[in-house]
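Working notes, beginning with the structure itself.
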Amino acid sequence: MDQSCVSCKTLEEEIIQVPWDVMRQSKTFDEMYCNLGAKDLIVEEYYATKDRIWFELTNYQKNFLGVPVDELVQLISAANYLDVKSLTQLGCQCLAQLMKEKTSEEVRDLFGISNDLTEEEVQEIKKQNVWCD
1 MDQSCVSCKT LEEEIIQVPW DVMRQSKTFD EMYCNLGAKD LIVEEYYATK DRIWFELTNY
61 QKNFLGVPVD ELVQLISAAN YLDVKSLTQL GCQCLAQLMK EKTSEEVRDL FGISNDLTEE
121 EVQEIKKQNV WCD
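The C-terminal position of the sequence shown is numbered 133 in the UniProt record's numbering, with every residue numbered one higher than the one before it.
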């Protein structure tokens, strides 16, 4: 076994070698094995507005995160559980980008969520939030 890799068993019982620099991005694995000092992404903000500065994704990251929405949500959930902050942040940014400038109906369609509000409830919400239009 290469000293810079960890042997991992997949659900299909296949043993794969995962580089330490990948494993150390997970705080969970980091605590299990050893602290190698992986760098987390720094979320930057514009000083005046406090708006978040979006990460510039590499082509590899775009391809890796360019999966169907349900898989992206599962990936974010797994990254969050494993405490891989960089993957959680990048995944959330991709998900936010998918929802950006969409109507509530389009967001429901994106996530496969049915609208359980009555027409009267929808009209009341629109009336209360007329400033959103």
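Glycine residues also receive a C-beta, built at the ideal position from the N, C-alpha and C atoms.
Residue pairing for Ser77: DSSP places it in no beta bridge.
In this structure, the CA atom of Glu13 is about 32 Å from the CA atom of Leu57. Separation of Lys85 and Leu72 (C-alpha to C-alpha, rounded to the nearest whole angstrom) is 15 Å. Sixteen is the threshold: since fewer than 16 other Cβ atoms of the shown chains lie within 10 Å of the Cβ of Cys8, the residue is exposed. Leaving aside the five residues that flank Thr28 on each side, the residues in its chain whose CB is nearer than 7 Å to its CB run, in chain order, Leu82 and Asp83. Comparing alpha carbon positions, the residue from Gln97, Gln74, Asp70 and Ala79 closest to Lys62 is Gln97. When the five nearest sequence neighbours on each side are left out, the beta carbons in the same chain lying within less than 8 Å of the beta carbon of Leu90 are those of Leu41, Phe55, Leu57, Gln61 and Leu65, in order along the chain. Scanning Ile113, Ser104 and Ala79 for the CA closest to the CA of Lys126 turns up Ser104. Judged by DSSP secondary structure, Val67 falls outside any beta strand (DSSP E); it is assigned neither H nor E.
DSSP places Gln25 in the coil class of the three-state scheme, outside both helix and strand.
If you ignore the 5 residues before and after Ile16, its C-beta comes within less than 7 Å of the C-beta of Cys8 and Thr10, all in its own chain and listed in chain order. Going by DSSP, Ile16 is part of the beta strand (DSSP E) stretching over Ile15 to Pro19.
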